[in-house]
Each structure stands twice: as structure tokens, then as C-alpha cells.
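Everything on this sheet refers to the single structure shown next.
Chains as they are written, first to last, in UniProt numbering: chain A, 1 to 358; chain B, 1 to 358; chain C, 1 to 358; chain D, 1 to 358.
Below, the structure written as C-alpha cells:
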């Protein structure tokens, strides 16, 4: 198990989906940052189940409790522990899953790795763990905003429906204006329709989240190994259901010639060094170059579907499973704040690492 | 700077392209592993410049020198330091690059981050650093082979030319049978032709490397943050020129429904638990499930092109640059052993971490 | 701030003395270890305030709450979060300390380092943080006992009163038989008398704890830097009020000649390799040699005394302070379980690191 | 093996006493620091064998070779690799030691831990490893001096001969004025005489080094675990032959009452906050308070003595050993620059960590 992330701004998450609580300890946050429980709660609301008819209808309040590290709404430099109590851990019956290995879930790998597992609702492999990241990310994001660094993630594809526009053509203020979190209304509508149909079909669907980061100063990133995009990639790939990461020109860029792909430098009217194109995605040699950073994150369809599936149990016997209860037909809208949070955690860490060498 | 990689099997690389030498210290390698300098040299040969007419024609011998950690061709458990001396560091004149910021290179970001840089041929940002990884990876790979873990990487796309077959349909023994390192002869030929044309056009072209890992036991990977694929992603994204990473169904998988994407479990005739499909890419919940692991790595076209380009110098003035000397028109064939090496480094580390908790 | 300890068995502590709670996340504990809340509580009781008339008379129940990581009294391999709620955080008035820098406390250094601090009762610098270590250490210790590794710490000096016997001459089962935790009854009595007098004088007194570890296999420790005794030293020195650490012959050994100090090897009647003397303290070259490990930890007198003291406030003005409330006249008896815990945390980590390379 | 030290200014050492070379990679050094090979060599000279008649008479030139990371005598922010070639690794015959376990050496523990070892002259456990630390420490020290932080170590005891004066009463400029490195001439003479006698007796003797650090700003140190003194302790205890560490009042402080031990704060004539006494050793709550930092390091007598000793071989059979060649009768004078180096490495790391959170 490795439940910590970050070198200087370091989070450690804990908690199973059906244990007492899920939480996080943030170690290394600079002292004196003003932040309230409400600000953290606001980000949790964006991740919360039951926020619309295209997410799971489970009702969880997910109220943040701050255990330490804040004094009179200021960080004190000491570890910030926060948690959310699980409301209904006792209620439900999970005995039908005790011995089952659900397809494309982590039941089989956890059981084999650890010799046992808490089978209730995914245990530690549940995406409920990500609420701890969102809480920590809210603190990081508050710090970044004070440095004029702006992170904005949005849903750019659901199944085959794909936003045609690049991020420059979009109004990123519209991200939260619809329940799928796609800032282009027409595409958003089509996406929502697809998710609703998918839900009716008792199925699930995947998609892509695009993240844009503006205002990053030149110089963040620590090659050779902790290149800025390498760390962003790891952070994104550590989110449940993520299958791929690309930044700047990404996989499309592999089809280009160098003469097309190279980003020409110039000095703008304010004397600032810029590039005319941004195939580099704001990162060159693993270090931010001051242009917008942008990347894409691929999410597979949720593994729990409300259809009968053939699988096996831990005795190796064939069984038939059928998902019960309330599940997300599409994880994308609720994953947007998670991508925001992980991006913030990566950036604050590199900001602090950069300060250390100056 | 962060020039170390790995938690238990930990490498630290050093060296600029035009300093005295480039090397690596491997710390944490289990004692008693038999390995010779020749075995390490063999992998370096696959990365060496000048190996064919579609790579750079620079002649570098890249002879490995083992400074410590081996005694009578066995690892002793102490740090293994290895290096390659740079042959022609004194020879060439790099003064025309002293103040230039080459497009899509790291000149501008390094200079801004560190306040100065060794401008000779890329300095630390040169891909020459990766030979240190290949040397370390050769040791890791020797260990893995003794555990029956087999890593095979190959070029699956060059520019728009793409292998149609998945890895299961290919004979991976043919990877080194041609100079582009694509195991399907007809596609390989087309790729080689494209690289040759690109070189004649004084241009460069990108592509994709696919990596397949067979024989990985169930249980490797350390969620929540050090998921096996997250660490593979970081390792790959830390290689020069990489723009994207996807595993299993990857970005294509986002277009699928859950009912299509889920991998059904079954028990095979030997009583082994398997999945009928492998959209999961051998990893579920961040932990290996015993199926083949496979992933793709996107490489952008090399930034150095032998054409005049407009750029600026460190005074912000417009200049015209033209690449000189011998450069790779396509980095892909020489990047294959680097992908092999980084995959080996990730796997040996997780193998050791898994042993620790048993 | 660095609130984590350990490489593979890693703890992260959180909480201020007067915040909501103090707790710990244990990451990396092997799965399948049986442990109950009662076993952890038992160790907390040894550290608890108010346990006798020679410790502080504060009443704190310190009841452990296990938030995650255990399922049906077995560790699951997931992070184990535990906490103790602070009972009386709202009650008392600490306003007289808001601006004061108490002598030999951390008020001044925390305020200067972080720009602000939670002034209530020591905040994060309070020894209350160590209860988190004791809870985590109880888990580590359970694991070690199953490997036949036995840790026993005891008070070997209080002020000038010093145990004459070495640990070999003592019955370590008697440690908890008296309230000072010295296993030799006559010396214990003298120590207790001194502490009682010290308390009457409204003063405090320091002392030494000796720790003995039996049953450690040959081979634990990771030179060159993570030598077994170096890590033990760091762990002990990280405990509040500790001023020194020595192992084996320690500072006395510096007065010896090599011919006296060297430990002669021999093979015992069971064919086991042993040393005739043990000036090495069970560690040679930073690695355990199978002999008993023993070391001493120096504790200064508690800084809070119930006498008027001259100091300054955060405006630099001279003030007079007088400790109020209930404080420990001697921290030694309550520090014994903390030394036990830290020793256990060091050992389990090295055991796991050793497994990783085998 | 754990051959790296430091979190942000991180060194990795490599090399056996009789391999090709011993060296170090320094990762994380801020760019732009001016330093020459000569400055590094100067510190190595203080550690060099054969520097006087009271050290080993082995002749080793120990000439530093800088492989990377410096450009025109300035650090570039990239890893600084340095090494010293071993001159006589081929020459001598070590076959008599191939199977022997020398008393109080690491032969037995290394062989058991790793299953094999390079038996020539101590291999990796040789104190020759420390030259790598001295080279790295020279760079750290250059940086610290520019921040007005001054580190001075000296021999304060050899066997039973002990400096009576505290560091405040000494002229620390005299440290290098005699071959034992004790700044008080009369005591130095007595120490030298004792070492010379010890050498004649074919024996060895231990001692104590005191280190004083002036000019440290308030605020360095990262509690709860990386307290400044805890990290200093670990660093010192990682040096070969070290058996103990104490700072400030140390073990003597355990005998004091709180009313004696507490350091009273006052504001001096310049408005600076000071303490009247300094039992705290310049560190309170694990954080520097601006007073002088001072600590003591205990060194055992060197294990190699030129007398016959009974021991066993790796078959468990009794053998007689007699040290051959040239060895140090007292390691103390050559250990002074090692203590300086490790202190510098600890401080630069905390300076950088402090910058990161500001």
C-alpha cells in the first residue's frame, strides 16, 4: 500500500467505503493560508453522489470534519487531518459479494495481494477514497489561486461524443453550468442524453476529461524523473478508472513532422517570451514554459453495471452477478473535481520544490 | 532536480551530454545476481547512435565502465555505479547555441529555472541521459527474467503508419530483426521508408511504442497512489519526447460501454483464474491480475530539424537557427530499449515491495 | 513539518494537544495481522496521564478509535487510521499563554518558523503527539512478537539516581511492577522518592531510559546511511525532551582501547555464531549481529515548572510566568511505552526492508 | 542498502575500499554556486590517510574527479557526480581475510545479510566511503558559509583525556593547528602522546568529537519526526565507529532539575531574542532558536589492532587473526572533517526545506 502522494506538500489518505470514515492528512502545507471548512465542503459537493439524475442516487452528505492543523481558519503549518464519516456503513447487506470477484473490479487482485479484503462495496478500492483527495486539493487550490494559478477541468468526451472545440474556444466559466460539466451547451446536452440512455440500458459509459492550467510560472518541474508532465501523469493515472494520459499534442502529435510540431519562440509586445503554437502543452524538457498547460485523461466505463454478468467466486466457481443499488452510469461529471484536485496537488508540490532551490 | 527513480530498487543518474561522462548509481539491487558487463553493454548497443542509417550517424562507443557493486560478476548488495565516458566533449563548437533558445527544446526552461545552463548539445536535458537508464534497466531485466517475467517493446507506429495487429498477433522475437524495431516485416518496411524520406526532407517524425509484459504474478502494484499503471505511466512520461501513455483499452476504451469493456473472469483448464478479454491491460485496481500487461507510449517528433527555424535568443531577440550535425530523424527505434529499461525498473521495484509485505 | 516516519511501515501523526483529536495513519502494515482495539488501548494506558501520583494528575481517557484498516480484528493491508479525541479542549483558559514564550518550550521557535501557532497547551509540540506513536507502535510490536522479537524499556536513571546493574542482571518482567518503571525495586523506590520530592518542590527532573531488544535476527539495518543504530537514534531523538542516544558501549566505550573493546566471535554449543562480550550492542557495521541490542536515551527535565520564571512575550517584553495546572514532575515513567513504540517502528521497517531484498 | 542521504539536497555514495573508485552523486544542489575542485580537494586532504604520524601511513592521493554538474566552476542545478579512484586495489593480498570474521568489524553481518561480500579491506563497510561524504559536504559548506553559517568540529576527548573547556572558551581557529585537531594546545599534546603510545602498543583508542554551529537562523528543523537534532543524530550515527550522540546539555542534563535546566529568554541590546543559558543546545522543540548549536559524537576505538586476536571463520571454526598493514591508532583527527561534512549536509537540507514553506 502506498497511500501518500507528494514530496513536500504530502497527503496521506485512509478509509474504506464502508468503514467508519474516509479521510486525509495533509502534511507540509505552508502556514498562514486562510481557508474555511465551507471552502473545502464546496469542492466535496462537486464530487458528491446524488447531485443530479445522471450520477448515482445514493444519498451521502459527506460533511467534512477538520480534526487538526487549522486554528481560527488559518493553517498553522502542522498536519491538517480531515475526514468524512460514512453514513450507512452498517445498513446494507453485502454478503452476496463476500466471495465474488466482480468483473473489472479489484476484488480478485486485492484478495490475492493481501490474502483478505473488506468486501463491503469495494473497500479501499472504492472511488470513495477520492473524496479525501478532493478535500486536500481544495486547500492546495486555495494556495494556487493566491499565486494566480487557475485550474479548470471539464468533460470533453462521453463515449463517442466528443467536444470539437479546443479549450481556447470555450468559456471555462460554464463548466458547472450543466450536470455533465462540459462548457459547451450543445455538446453537453448530447452527452447528457447519452448518459441517460445508458442508465436506462442499465449500462455505463466512459469518457475523457480535459484539464487546463493557466498562470503557471516558468520553471516548475524537476527532471530527469520528476518531469512536470510525468508527475501529472502519475497523479491522473492514480485516479480510479483512468486508462490514459496525454498532454499537449499527445498521441496526435506522434503523427506530425518536427517542422510542424515545433513551437516557435517569439517575444510578445510586453517583452514576454512566448511560443506561437503550443504543441508542447506548456511544458518543455519537463519544466513549465509559461504557456497554458493542458492534458487529457481517459476514463473507462464504470465496472458496476445493472445487468447479469458471468464471473467466478474465490473458490474459482462460475457465478452470475448482477449489480444492485445505485451506481453512476458515467463517472465523468463527478471525476472533474478529482482531476482538479490532483492537478492542484502536483502543482503546489512543484511550486514548493522550486522555492527550495532559489 | 530529481534524478532518482524507484523506492527500493533505486537509480540515480548523472551526466550531461558534453561533460566527462554519463552514469548511474543503482542502489538496492538484491545481492547474488549474476551479471556481466557484456550483458549490460548489449542493451546499450540497442540504444547506441549510429547503429543504422535511420538513426543519427554520430559515432559513440558508449562503453560501460562498472565502478562498484559487482564482485566476480555478482552483485554484492552494495551500490552499483556505472558510467560511459563522453568521447567528443571537447571537439565541437557549440558557441552558436550559447544564447539561443531552440524551438521545442529545453533551453529556455532550463535557463529560466536554473539561471544558467551547460549549452553544449542539450546538457542534462539531452536524451544521452537515458543510456544510464538502459544500463540500470539491464540489471533489473536480468533479475526479472530469472522470475520468468518477459518485457518486449516494439515500434507500433511511425507518423501515420500504424501496425494493424495487436501484440497477440505478432512474433515478438522479430523486434530486433529490422532497424525500425517493428516485428511485422511489411509494416516495418513502410516505416523505414517514411523515416528515410523524412531524413531526406531534413525533417523528423514521431511515433508510438507498444510494450508487452508477460509472466507478471498477481499482486504487483501499491494503491491508492502507486498503482502499477500510474508508476508505469510516470516512468514512461519521464523519457525524453514522450507525450502520452495509455494501458489496456486506453483512450479507445473511453468510447465503450461497461457491458462491452468488462473482462469476464473464468477458471481455465489448469485451475488458473483468467479473464476472457483483457481490456484491463493486466491491471485491475492498480494491481497486476496475471494477464499480459500492455501499454502504449507516444513520442513526438525530434525537435532538432536540419531546416532553418525562427526563434529567439536569451536577450529576447529574433534569430534564425539551423540544426547542424547528425541527428535522429526518428527516435523510435533507439527508444525501444529505453522503454524496456523503464518497464523493468518499475517491475523490479514492485516485486521487491510485494516481498516486503509478505 | 515532517509528520511521517518509516519507509515501508510508515506512520503519519496529526493533532494538537487542544484540537479535536490526536491520531495516526499507519500505512504499509502487512495484511492478516490479528490485533484488537484492546491491545492498542493497553499500551496507551501505560502512557496515559493520571496513572499514578508521580505523573500529571490530568484525567484523560485517551480511548482509541479505529477508523479504518482493520476488518474483523485483522489488518487488511490498507491504511490503519486511529485517533483519540481530546476531551477538554474547550474548557481551559490559555489566554495568558497567547503571547508568552515559555522557557525551554517550543513557543518561540514555532512562532518564528510558522508565523503563528496554536498556543493552547503546546499545540503540536505537545508530548500528546506521542500517543499516536504508541498506538502505531502497539501494532508493530504485535507483529514483532510473532517473530519472537522482544522489546523492553525501563527507567535506568532519574536525576542522579542511577541503576547500578546492567540489563542482564535485571528481571525485565518487573518493569511495570512499580510506578517509575524501574525493574529493580530498591532503586525504583529511591527514584520514586526523588520524583515525589521534586514535585513538592514544584520542580521537575530528568533521567535515562534503557531499551533492550532480544531476538533480532542477523541482518537488519541498511548501511551506509540507514544503519540500524542511526535509525534507532533518530527515532529516539524525535521523542519530546530527548537530549542524547548511545548504544552498546556508548560514550563510555570511547575511553577504551581496541583490544578491550573488540567483541570476540565464537561458535556456541548449538553451532550459533556469538560474541563473548557485547560492546557492539548487537549491531556491527550498522547491521544486527544476533546479540541483544541495547541503548540508552537521555531525557531532560520537563520544561513546565510550577515556579515563577522570567521570560519574554512575542513583543520582546520581559514577563513573569508561572506554570499552572497539572504537570509531570518527571516524564520518564510515561516515556517508557514511547521508547518501546519507536523501537518497534524502527525494527518492523527494517524487517520489511530485509524481506524485500531476499 | 540505503546509500542516499537528504531530502532536498540529496547525496548518494558508492564504492568499495578496493573497487575501482569511491564517489558520490549530489542531487538538488541549487544552481549558480561557485565552487572549484580545489576547494573540495582541500577538505579531502583533512580526511586523507598518511597526513601525520598519528594516522594510518597508507599513501592515497585521493584526487577528486568531477564528472558532471559543474560548468565553468558553477553548479548548474544538475547532479554533481564526483569520484576518487582507488590507487592500489590490485596490489595487495587479502586472501587471508576471505573467510575470516574480524572482531567488531562488519564481516559477519555483511556476509549474513547479503550472502556474500567483497572481502578486500572492508569493502563497502570501510570508512573509505566517508570520503564521498566529505566531498559532498564541501559543496554544502560552501553554500552555508555564504549564508554566514559556520561549522567547526574538533576532538574534545581521546580515551580518558578530555578537554576541560567548553567550546565558548576555545579558539576554534586553532583546530587545524595540530595533528589531533584539538584547539587547546596543552590538551592536544597529551592526546597526541596517548595516541602515539597506543600505536606503539599496537592498539587503538576512541574519543569524542564536539561540533559547534554558529549563525543558524531561527526556524530550521521539521518536527514531529525530522527534528533538527534528530536528523543531526542520525547523520552522525551513520558515520563509521560512532556509538553515541548528545546535544546541548546531553546526558549530563538528565541529572538537572527543570529550574536549573530551563534557558531563560531575554531581549538583548540589539532587540534580538536570546537565551541566557544554552542547555537547549540551540534547538527547542526540534527547531533552531538562533543560539549556537553544539553536540558531541562518541567514536569507539578502531577495530583493527596489530595484535593477535581469536575469532572464527565463515565455517564457524576458531582462527587467530592479526591485523596487518597500516592502520589508524585513533580515527578521531581524520573524522573531524567527516563530522563537519555531515553537519553541513543536514543544515543545507533544512535550509532548503524551510525556503520551500515560506
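Note that the Cβ used here is the ideal one computed from N, Cα and C, for glycine as well.
Check whether residue i and residue j have beta carbons under 9 Å apart
i	j	result
residue 258 of chain B	residue 273 of chain B	no
residue 158 of chain B	residue 242 of chain B	no
residue 172 of chain B	residue 183 of chain B	yes
residue 341 of chain C	residue 133 of chain C	yes
residue 3 of chain C	residue 225 of chain D	yes
residue 287 of chain A	residue 5 of chain B	no
residue 267 of chain C	residue 312 of chain D	yes
residue 201 of chain C	residue 188 of chain C	no
residue 192 of chain D	residue 54 of chain D	yes
residue 292 of chain C	residue 167 of chain C	yes
9 Å Cβ cut-off: residues of chain A touching residue i
i	result
residue 256 of chain B	159, 205, 206, 300, 301
Separation of residue j from residue i, as counted between CA atoms
i	j	result
residue 282 of chain A	residue 351 of chain A	15 Å
residue 245 of chain B	residue 244 of chain A	6 Å
residue 60 of chain D	residue 23 of chain D	15 Å
residue 148 of chain B	residue 213 of chain B	10 Å
residue 207 of chain C	residue 250 of chain C	16 Å
residue 347 of chain B	residue 106 of chain B	29 Å
residue 63 of chain C	residue 176 of chain D	57 Å
residue 247 of chain A	residue 284 of chain C	51 Å
residue 333 of chain C	residue 199 of chain D	45 Å
residue 85 of chain D	residue 122 of chain D	17 Å
residue 130 of chain A	residue 331 of chain A	12 Å
residue 19 of chain A	residue 78 of chain C	12 Å
residue 151 of chain B	residue 335 of chain B	14 Å
residue 36 of chain C	residue 76 of chain C	13 Å
Closer than 9 Å at the beta carbon, the chain D residues around residue i
i	result
residue 117 of chain B	31, 71, 76, 77, 78
Assumed close pair residue i, residue j - CB separation to whole angstroms, cut-off 8 Å
i	j	result
residue 162 of chain A	residue 156 of chain A	7 Å
residue 135 of chain C	residue 39 of chain C	At roughly 10 Å, the Cβ-Cβ gap does not stay under 8 Å, so residue 135 of chain C and residue 39 of chain C are not in contact.
residue 356 of chain D	residue 227 of chain A	19 Å between Cβ atoms; not a contact.
residue 103 of chain C	residue 299 of chain D	About 33 Å separates the two Cβ atoms, so there is no contact after all.
residue 33 of chain B	residue 143 of chain B	6 Å
residue 112 of chain A	residue 326 of chain A	At roughly 29 Å, the Cβ-Cβ gap does not stay under 8 Å, so residue 112 of chain A and residue 326 of chain A are not in contact.
Proximal chain D residues relative to residue i, where beta-carbon distance stays under 7 Å
i	result
residue 347 of chain C	Chain D residues near residue 347 of chain C: none, gap ~15 Å exceeds 7 Å.
residue 114 of chain B	31, 76, 77
residue 353 of chain A	356
residue 103 of chain C	262, 263, 264, 265
Residues that residue i contacts on chain A, provided the C-beta gap is smaller than 7 Å
i	result
residue 10 of chain D	By Cβ distance, chain A contributes nothing, its closest Cβ being about 11 Å from residue 10 of chain D, past 7 Å.
residue 16 of chain C	68, 78
Chain D contact residues for residue i, given Cβ-Cβ distances below 8 Å
i	result
residue 4 of chain B	4, 10, 12, 27
Contacts of residue i in chain B (Cβ-Cβ under 9 Å)
i	result
residue 124 of chain D	68, 69, 76, 77, 78, 79
Proximal residues of chain B, C-beta to C-beta of residue i below 7 Å
i	result
residue 237 of chain A	227, 229, 230, 233
Under 9 Å by beta carbon: chain C residues contacting residue i
i	result
residue 245 of chain D	233, 237, 244, 245, 246
Legend entry - Any 3 or more C-beta pairs closer than 8 Å across the segment 225-245 of chain A and the segment 310-321 of chain A: no
Inset, instruction - Specify whether the segment 112-119 of chain B and the segment 65-79 of chain D touch according to this definition: at least 3 beta carbon pairs, one from each stretch, less than 8 Å apart. - result: yes
Legend entry - the segment 9-25 of chain D touching the segment 9-29 of chain B, judged by at least three CB pairs closer than 8 Å: yes
Legend entry - contact_flag[the segment 92-107 of chain C, the segment 40-56 of chain C] where n(CB pairs < 8 Å) is 3 or more: no
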